[in-house]
Every structure is written in C-alpha cells, then in structure tokens.
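All remarks here apply to the structure that follows.
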Amino acid sequence: MEKNKLKGWLYLLPAILFLGCFMVYPLIDVFVYSFEESYNFASQTYQGTGGFNFAYVLHDTYFLQAVKNTFLMVIITVPLSTGIALLISVGLSSIKPLRRLFQTVYFLPYVTNTLAVGLVFMILFKKTEYTDGLVNLLIHWFGGESVDFISGPYWAKMFVMCFYIIWVVMPFKILLLTSALLSVDQSYYNAAKVDGTSGARIFRKITLPMISPTIFYLVITGFIGAFKEYSDAVALFGTNLNAAGMNTIVGYVYDMLYGDSGGYPSYASAAAIILFVIVLTITCINLLISSKHTTYN
Amino acid sequence: MKVVLQNLTKKFPNRNKKAGGEVVAVNDFSFEIPDGKLVGLLGPSGCGKSTTLFMICGLQKPTSGKIFFGEDDVTDLPPENRGVGVVFQNYALYPHLTVRQNITFPLENLKGEDKLTKQEMQDKAYEAAKLVQIEELMDRKPNELSGGQQQRVAIARAMVKMPKVLLLDEPLSNLDARLRLQTREEIRRIQRETGITTVFVTHDQEEAMSISDVIVVMKDGEVQQIGKPQDVYDDPVNLFVAKFLGTPPVNLFDGEVKAGTLYIGDDAVLSVPGAADGAVDVGIRPEGFLLKEDGALCCALTGVEVMGRDISVVSTNPHAQSKAIRSIINAENKVDTDAKDVRFALKPNKVLLFQKETGERIYF
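Chains as they are written, first to last, in this note's numbering: chain A, 48 to 344; chain B, 52 to 415.
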C-alpha cells in the first residue's frame with residue numbers, strides 16, 4: 048500500500064511540478080500583488096499592504112465601464128447563443144437532405160481566424176468613405192437611417208459586439224448539441240408517440256431533460272468564456288478599448304499591465320482577483336442550479 | 052379485441068443506394084390474432100417480426116395491406132388512437148422521471164373529455180403498479196431498479212391506459228437467465244389476469260413456445276407457420292421451422308427413400324410407405340432416438356453427458372449434416388461409454404423428411 052502511494056505520487060510529479068510552477072505559483076503571486084500597494088516589477092518593491100488596490104480599481108470609471116460591458120455581454124450572449132444553437136441543432140437533426148452540408152456551414156466560424164472574422168464584420172458594419180457597410184445598406188433598404196456601428200452610439204457598438212460573440216461561439220455549441228440530440232435513444236420518442244405525446248411536450252419533457260447535461264455544460268463554459276472576453280473586442284474596436292468605451296474586465300487588466308496607461312501590476316492583480324471572484328460565484332450558482340435540474344444516466 | 056392483419060406488406064428503400072431497389076421487411080402477412088390470446092412472433096433477427104409489431108402499434112405504416120382491431124380499420128390511425136400499449140426492447144423508461152411519473156406520463160397526454168384529474172391519474176398508476184407488483188417502488192428512478200423491475204415498470208406504463216392490445220418487443224432479451232424464467236411467467240400471469248390480446252416478438256424459440264397460445268414463425272419477411280407451439284414443434288411444415296424450434300436442435304442427416312424405406316447411408320432406418328423415392332433431408336428430434344442393441348441406425352459414440360433426469364448421447368455419423376448428433380435418452384438406460392458404436396431405433400413420429408431443394412416437408 049505504502050509503496051503504491053509513493054508510485055502514485057511519482058506518476059503525478061511531472062504534472063504537479065508544471066502546474067505548480069506555471070499555474071499555482073503565479074496565482075498566489077497575483078493574489079499577493081493585489082494587496083501590495085504600488086508594486087514595482089523592476090525594483091521588486093512596494094509601499095505598503097492593504098486593500099488600497101481594490102478601492103482604487105472599484106472607483107476607477109474605466110473599470111466600472113468594463114464591468115458593465117462584460118456583464119452586458121455575458122447576460123446577452125450566453126442565453127441567446129445557447130438558445131439559437133439549440134434551435135439550429137433541433138432543426139439540423141430533424142432534416143435529412145443536406146444535413147451534412149448545413150453542419151459544415153454552421154461549423155465554419157469555428158475554424159476561422161478571429162481577425163479574419165473581424166474583417167468580415169468590418170465589411171458588414173464599418174462606415175468608410177465609400178460605403179456605410181452592408182448592414183446599413185439593408186437598413187436603408189427598409190427606409191431606416193445609417194447607424195455607425197463601430198464608432199457610433201453605445202447600443203450599436205454593444206449590438207455588434209454581442210452579434211460577433213454569438214456568431215463565434217455558436218458552432219461549438221451546435222456541434223455538441225447536435226451530437227447530444229442524436230444520442231437520445233429513438234425508443235424514447237417511439238414510446239412517447241405511442242402514448243400520443245404532442246411534439247412540444249416531447250421536446251419539453253423528454254428531449255430537454257435528456258440533453259440537459261450538455262446544455263448546462265455549455266451554459267457554464269459559456270459564462271466563463273464570456274467573462275474572459277477580450278480579443279473579440281480588440282478585433283472589432285482596436286486596441287484602445289477605453290476610448291471606444293467597449294473595454295472588458297480582461298481588457299482592463301491588460302491595459303493596467305501593458306497598455307498606454309500601463310505599468311500598474313498591483314491594480315491589474317486586484318482587477319484580476321475581482322474577476323476571479325465574480326466567475327467563481329457565478330459558476331457556483333450555475334452548478335447549484337444544474338445539480339437540481341440535470342439528469343445524468 | 053381480435054386483431055386482423057390482412058396482406059400486410061412493408062418495403063423499405065434499400066440503405067445501400069447504389070444497389071437501389073427495395074428491401075421487403077414483411078411480405079403479404081395475413082393472420083387473425085384471436086381475442087384474449089398471447090401470440091408470439093418468432094424468427095431470427097431481420098425476419099420482419101419487429102416491423103410487424105411496429106405496424107400493429109402504428110409507429111410504421113404498411114406499404115400495403117390492412118390492419119383491423121375488432122371490426123375497425125386502424126391502418127391509417129396514429130398510434131395513440133389505436134389503444135395499444137407497447138413495451139420496448141430496452142424498456143424506454145424516461146430516466147429523469149420517477150416510476151410514478153413514468154407510469155402517469157401516458158395519462159397526462161389525454162385531452163378533452165378523457166382528461167383525468169391528478170387523483171384519478173394517481174389511482175390508475177397505483178392500480179397498474181399493483182398489477183405488476185411494483186407499488187413499493189413508485190418514487191424510485193429507473194436507474195435505481197433492477198432489470199426485472201424496470202421491465203415491470205415498462206409493462207405498467209403500457210397497461211395504465213387499459214389498452215386493447217398489448218405489444219411487447221423482445222421483452223426478455225435484456226434479462227439474465229433466471230429473471231427470464233420468472234418474467235415470462237409474470238407476463239403470462241398479467242396476460243391471463245387482464246385477458247388482454249397480447250403480441251410479443253422474440254428470437255428465442257424456448258421463450259415463445261413456453262408462454263404463447265399461438266406462435267407465428269417468420270423468416271425473411273414471410274410467415275412460415277402459424278399454430279399452437281406443440282403442433283408447430285411436432286409438425287413443422289418445412290426444414291426452416293424444424294431447425295428453428297427445439298433445444299437441442301433437430302439432428303439432420305442426408306437420407307434416401309428407396310421403395311418405401313428410408314436409408315441413412317446403408318442403414319435402412321425406417322419404413323416410410325407414403326414417400327416417393329429420391330434423396331431427402333432427414334430431421335430427427337433428439338428425443339426421437341431409442342437405444343437398442345439391434346437398432347437400425349449405427350453411429351460412432353463420442354460421449355455421454357449426464358443431466359440427471361435424462362442423458363444426452365453425443366455421437367457422429369458420416370451422413371449427418373452436423374458434426375455431432377445429440378440424442379436425449381431416458382436416464383434409466385445404461386450406456387457403455389467405452390463402446391465404439393451405439394445403435395439407435397427411431398420413433399417414427401419424431402422423424403421428419405424434407406425435400407432437398409425446397410425444404411418442404413414430405414409426409415409419410
């Protein structure tokens with residue numbers, strides 16, 4: 048027994064070493080920085096300890112804007128993307144002809160480079176000297192007025208941002224949901240049909256509970272992914288996100304470290320810790336809800 | 052409620068598109084299932100028995116032919132309007148619902164006049180559960196039940212609406228041997244108690260023979276024979292049916308009829324006055340052999356298996372179509388296990404003759 052234990056630890060050693068060096072140690076470091084006032088990388092000095100960094104960050108208007116933006120993105124994109132993905136997956140699994148073609152088409156965004164997608168969105172939304180963008184053309188068509196989606200009003204920018212995020216995360220969700228739907232045994236549907244169950248009831252009472260583990264997995268990872276939103280914002284609005292008013296929490300952390308106003312590892316750490324607490328809380332709530340409503344076979 | 056199948060045919064498009072054409076799953080099936088009987092559809096996998104069951108319950112539409120429940124033509128009715136209860140091979144119990152919720156599920160679909168109050172549903176569910184003796188398990192989830200209990204829940208769910216016809220698809224195939232015996236008694240009991248017309252599908256001939264009032268033997272979508280289990284066993288119409296029924300299986304020999312006498316090799320084994328001359332397939336049931344010192348059929352002895360009540364004598368014969376001939380002999384007979392040869396006399400009613408090409412039975 049003892050010998051086996053030793054062997055076990057030996058097998059775990061490489062992973063523990065790597066994770067310890069590159070994950071656990073930096074995490075603890077960040078935690079420590081967040082309580083050290085004006086920490087300086089170069090001189091490795093700080094001026095005192097306490098909650099000052101948190102107080103500063105929580106009063107910084109840029110940070111508050113970033114929190115607001117991030118929360119909006121999360122609240123809008125997670126339910127919408129999951130819902131639409133579910134709709135498309137149900138559609139995909141109920142059609143026979145051309146299913147493979149549609150599956151491929153819906154999966155394309157997943158393998159497309161973020162910046163290439165950004166370019167596509169520029170063509171769709173950006174105003175230039177020559178054109179107002181494809182979407183504005185459509186708006187004109189229906190008699191509306193041009194909207195500047197990239198540097199115009201806040202709601203327009205948020206709309207493009209959410210549109211973009213949903214579009215990017217959708218393929219993965221569709222992929223998982225279609226396979227989840229296909230894995231539901233046909234005999235459940237047969238049994239329900241024999242009993243004269245209506246389509247809506249079959250979906251609500253059988254299909255949804257059967258694929259609920261996949262849905263909750265997507266919701267939880269969706270929340271985490273959306274809270275970490277940054278690169279998509281850069282692809283749409285450029286690196287100066289504060290100026291565009293579209294910064295995210297991760298963007299704020301990055302700016303505090305390396306941006307024009309950078310060089311403040313203490314503030315960055317504090318902001319990162321705040322994000323960590325938010326994500327942890329939300330994930331715990333998610334897990335609590337899911338354990339009540341999910342059936343695993 | 053009697054169920055009448057009239058020239059029922061089901062064709063599927065061929066899966067292999069290049070080959071094209073159609074696969075005939077069920078071909079011109081006509082049969083009247085008498086009211087209140089237990090009927091077993093029996094055949095090897097792919098013979099169309101499940102397709103027939105699905106057509107009776109309405110999950111699949113026949114390509115042609117008609118289905119009547121009593122006097123009503125139900126061919127074009129959806130399953131819920133036919134009044135059938137179905138137990139699926141894997142039971143198809145909803146894993147996220149409790150036993151109670153599973154059983155009430157069909158009742159909750161009722162609309163309009165048939166709509167039941169919560170209390171009525173509970174009462175009916177309890178009644179159905181009591182019938183299959185699972186009333187203590189009502190609040191469990193299916194995965195907390197054993198295979199046999201799940202089977203009972205599935206039957207309760209099928210029975211809760213008091214269907215006119217109960218259909219069971221391979222009801223015992225997911226159970227272990229001991230439970231299988233128990234459950235088939237159980238199905239028989241429930242069927243007797245309720246007097247409901249029941250059709251069940253199986254590939255296990257023992258299962259079908261043991262509980263059915265009538266068995267239907269199918270092969271490649273065609274009905275081979277319909278009859279009481281014992282009659283079909285004793286009097287198969289062709290080689291396929293003879294081979295399919297019975298454990299141990301029937302022993303087959305190459306034989307020849309010459310002037311009213313059946314020869315296996317050079318042994319003149321039986322007088323068959325009615326049969327025409329020519330080569331035949333000879334089937335001899337294991338219980339058709341009698342140990343006799345001057346018996347006509349001579350076989351090389353390879354072993355004796357003692358089973359208590361009977362003994363099973365294993366031997367070989369150059370004209371047998373299988374490697375080993377199995378004969379079941381009363382244990383009172385003593386077999387000299389050291390002997391090289393063993394001689395048998397044959398019981399005439401256990402010897403079956405079939406035409407070489409068609410496999411049709413030759414009566415004598």
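We treat Cβ as the ideally placed atom computed from N, Cα and C, and that holds for glycine.
Which chain A residues sit within Cβ distance under 8 Å of residue i?
| i | result |
| --- | --- |
| residue 222/B | Ordered by position in chain A, no residue passes the 8 Å Cβ test against residue 222/B, which lies about 13 Å from the chain. |
| residue 139/B | 234, 237 and 238 |
| residue 160/B | 242, 243, 244, 245 and 248 |
Can you tell me which of the options puts its alpha carbon nearest to the alpha carbon of residue i?
| i | options | result |
| --- | --- | --- |
| residue 265/B | 376/B, 97/B and 282/B | 282/B |
| residue 273/A | 283/A, 317/A, 216/A and 235/A | 216/A |
| residue 359/B | 181/B, 200/B, 380/B and 352/B | 380/B |
| residue 275/A | 109/A, 71/A, 65/A and 118/A | 118/A |
| residue 123/B | 242/B, 252/B, 262/B and 57/B | 57/B |
| residue 331/B | 289/B, 362/B and 352/B | 289/B |
| residue 91/A | 240/A, 310/A and 337/A | 310/A |
| residue 227/A | 259/A, 199/A and 252/A | 259/A |
| residue 218/A | 133/A, 267/A, 63/A and 312/A | 133/A |
| residue 311/B | 325/B, 300/B and 301/B | 325/B |
| residue 283/A | 57/A, 197/A, 324/A and 52/A | 197/A |
| residue 249/B | 89/B, 365/B and 153/B | 89/B |
| residue 301/B | 113/B, 405/B and 115/B | 405/B |
| residue 338/B | 365/B, 236/B and 194/B | 365/B |
| residue 333/B | 228/B, 253/B and 308/B | 308/B |
| residue 362/B | 385/B, 374/B and 370/B | 385/B |
| residue 407/B | 291/B, 390/B and 356/B | 291/B |
Over what stretch of residues does the beta strand (DSSP E) that includes residue i continue unbroken?
| i | result |
| --- | --- |
| residue 381/B | 376–381 |
| residue 78/B | 73–84 |
| residue 270/B | 265–270 |
| residue 302/A | Careful: residue 302/A lies outside any beta strand (DSSP E), inside the alpha helix (DSSP H) at 296–305. |
| residue 308/B | 302–309 |
| residue 87/A | Premise fails: residue 87/A is in no beta strand (DSSP E) and is neither H nor E. |
| residue 117/B | 115–120 |
| residue 351/B | 348–357 |
| residue 64/B | 54–64 |
Look at residue i and residue j and say whether their C-beta atoms are less than 8 Å apart.
| i | j | result |
| --- | --- | --- |
| residue 256/B | residue 296/B | yes |
| residue 128/A | residue 269/A | yes |
| residue 208/A | residue 280/A | yes |
| residue 84/A | residue 99/A | yes |
| residue 318/B | residue 349/B | yes |
| residue 24/A | residue 257/A | Residue 24/A lies beyond the residue range present for chain A, which begins at 48 and ends at 344; the question has no answer from this structure. |
| residue 253/A | residue 177/B | no |
| residue 367/B | residue 376/B | yes |
| residue 272/B | residue 137/B | no |
| residue 103/B | residue 148/B | no |
| residue 238/A | residue 251/B | no |
| residue 112/B | residue 158/B | no |
| residue 93/B | residue 269/B | yes |
| residue 108/B | residue 135/B | yes |
Mind pulling the chain A residues with CB within less than 9 Å of residue i?
| i | result |
| --- | --- |
| residue 131/B | 240, 241, 242, 243 and 244 |
| residue 135/B | 241 |
In chain A, which residues lie less than 7 Å from residue i when you measure between Cβ atoms?
| i | result |
| --- | --- |
| residue 157/B | 242 |
| residue 108/B | 241 |
Using a Cβ-Cβ cutoff of less than 7 Å, which residues in the same chain neighbour residue i once the five nearest sequence positions on both sides are dropped?
| i | result |
| --- | --- |
| residue 396/B | 341, 343, 346 and 347 |
| residue 113/A | 294, 295, 296, 298 and 299 |
| residue 85/B | 53 |
| residue 241/B | 182, 183 and 206 |
| residue 326/A | 271 and 274 |
| residue 58/A | none |
| residue 181/A | 170 and 171 |
| residue 223/A | 261 and 265 |
Between which two residues does the alpha helix (DSSP H) harbouring residue i extend?
| i | result |
| --- | --- |
| residue 327/B | Note, residue 327/B: premise wrong, no alpha helix (DSSP H); not H, not E. |
| residue 292/B | 290–295 |
| residue 174/B | 169–182 |
| residue 314/B | Segment 312–315 is the beta strand (DSSP E) holding residue 314/B; no alpha helix (DSSP H) there. |
| residue 239/A | 233–241 |
| residue 267/A | 255–274 |
| residue 399/B | Careful: residue 399/B lies outside any alpha helix (DSSP H) and carries neither H nor E. |
Excluding five sequence neighbours on each side, which residues of the same chain lie with their C-beta closer than 8 Å to the C-beta of residue i?
| i | result |
| --- | --- |
| residue 250/A | 137 |
| residue 236/A | 249 and 253 |
What in chain B is Cβ-close to residue i, meaning under 8 Å?
| i | result |
| --- | --- |
| residue 253/A | 145 |
To which residues of the same chain is residue i closer than 6 Å at the C-beta, ignoring the five residues directly before and after it?
| i | result |
| --- | --- |
| residue 150/B | 188, 189, 191 and 204 |
| residue 72/B | 65 |
Could you list which residues in chain B have their beta carbon closer than 7 Å to that of residue i, in chain order?
| i | result |
| --- | --- |
| residue 256/A | 147 |
Compare the C-beta of residue i with all C-beta atoms of chain C and state if any pair is closer than 8 Å.
| i | result |
| --- | --- |
| residue 289/B | Checking the listed chains, one finds no chain C in this structure; the protein chains it contains are A and B. |
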